[in-house]
Amino acid sequence: MKLHVGQEIPELIKDPTTRQLVQYAGAQGDFYEIHYDQEYAKSVGLPGVILHGLLKAAFLGQLVTDWLGDRGTLKAFEVSYRGIDVPGRPYRCHGKVTKIDGGDVELEVWGEDPAGKRTTVGVATVQVD
Amino acid sequence: MITTAEAIDRLKTRIGVDGPESTALVEAGHVRRFVEAIGDPNPRWTREAPPTFLVALAPVSLHLSDAEDFGKGWLNGGNRFEYLAPVLIGDEITAKGRVVDVYDKAGASGNMLFIIFETDYTNQRGERVARLRGTMIRR
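Residue numbers (our numbering), protein chains in the order written: chain A, 33 to 161; chain B, -9 to 129.
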């Protein structure tokens, strides 16, 4: 795989819906009400239901594994949640190669809301074959 | 309502102490529902679990109820996954978690309480497959 520092990997656009948040809550087993109960979410100062941080992490995981395919292995994956995201708006996932050391490759990954704010930022470390 | 200092005192006693182990089978149907929920149709996930699936196998954070007398809500601050071996469908994964740190920070809307925890995941052959580190914020 030909790689260079600064190289961007293909964008992944997700379109999360409230239905998806309910599906995710069930699949993960995270029933915190801020992800499906509008009244509850507002009562704790949120604009409404918000995406699970770990759902956004899953989106960024997909970004990396889609790009990597069977050409290597994901070794580490780190995400910080910097802002909230609400369903009904596209969530754009991006990544860029930041370091290459033999077969070890580091990527900066992030998810953007429609205003271009990076509400999730992270680092993925992969080992390419 | 307690202060962050009181919450920290409660949680400090838990630092480094392993919580109870939990063991779960990586079931094909559970993985399928998980990948449907995240919207990732990669056929690889019919054999293997996707990167964040581990969080669906066991509760990722412990003792959080000890902190719920402070603040009104939780935020997830971040997660770090370290992968040591693949997690395959049919594997039996044991998770063991612990609190590793607790501290407070002044935020725009008052004090916030940070709880750092980690979970180790081991398969049926005793091989460690992953470690998860997470930050939960109470505000």
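The C-beta atom is built at its ideal place from N, Cα and C for all residues, glycine as well.
- In this structure, glycine 68/B lies near valine 111/A, with their beta-carbon atoms less than 7 Å apart.
- Distances from the alpha-carbon of valine 118/A to those of Asp98/A, His126/A, Thr151/A and Gly104/A put Thr151/A closest.
- Judged by DSSP secondary structure, isoleucine 127/B falls within the beta strand (DSSP E) whose first and last residues are 118 to 128.
- In the structure shown, aspartate 117/A falls within a coil segment according to DSSP collapsed to helix, strand and coil.
- Sequence-distant Cβ neighbours of leucine 74/B in its own chain, meaning closer than 8 Å and more than five residues away, are Glu117, Arg118, Val119, Ala120 and Arg121.
- Of all residues in the stretch 49 to 71 of chain B, the ones placed with a Cβ closer than 9 Å to any Cβ belonging to chain A are Pro49, Val50, Lys62, Gly63, Trp64, Leu65, Asn66, Gly67, Gly68, Asn69, Arg70 and Phe71, in chain order.
- Per the C-alpha coordinates, the member of Asp91/B, Gly87/B and Asp81/B positioned closest to asparagine 113/B is Asp81/B.
- Rounded to whole angstroms, the gap between the alpha carbons of lysine 2/B and aspartate 110/B is 20 Å.
- For leucine 53/A, the enclosing alpha helix (DSSP H) begins and ends at 50 to 60.
- Beta-carbon to beta-carbon, valine 81/A and alanine 90/A are separated by about 17 Å, too far to satisfy the 8 Å threshold.
- Look at glutamate 58/B here: in three-state DSSP terms it is coil, with no helix or strand label.
- Listed by position along chain A, the residues whose Cβ is nearer than 9 Å to that of glutamate 26/B are Gln55 and Ala59.
- Here DSSP, grouped into helix, strand and coil, assigns glutamate 110/A to strand.
- Counting only unbroken stretches of 4 or more residues, the alpha helix (DSSP H) elements lying wholly within the stretch -6 to 43 of chain B are -6 to 2 and 18 to 28, in sequence order.
- The beta carbons of phenylalanine 104/B and isoleucine 127/B sit about 6 Å from each other, so the pair counts as a contact at 8 Å.
- It is roughly 28 Å from the alpha-carbon of glycine 19/B to the alpha-carbon of valine 158/A.
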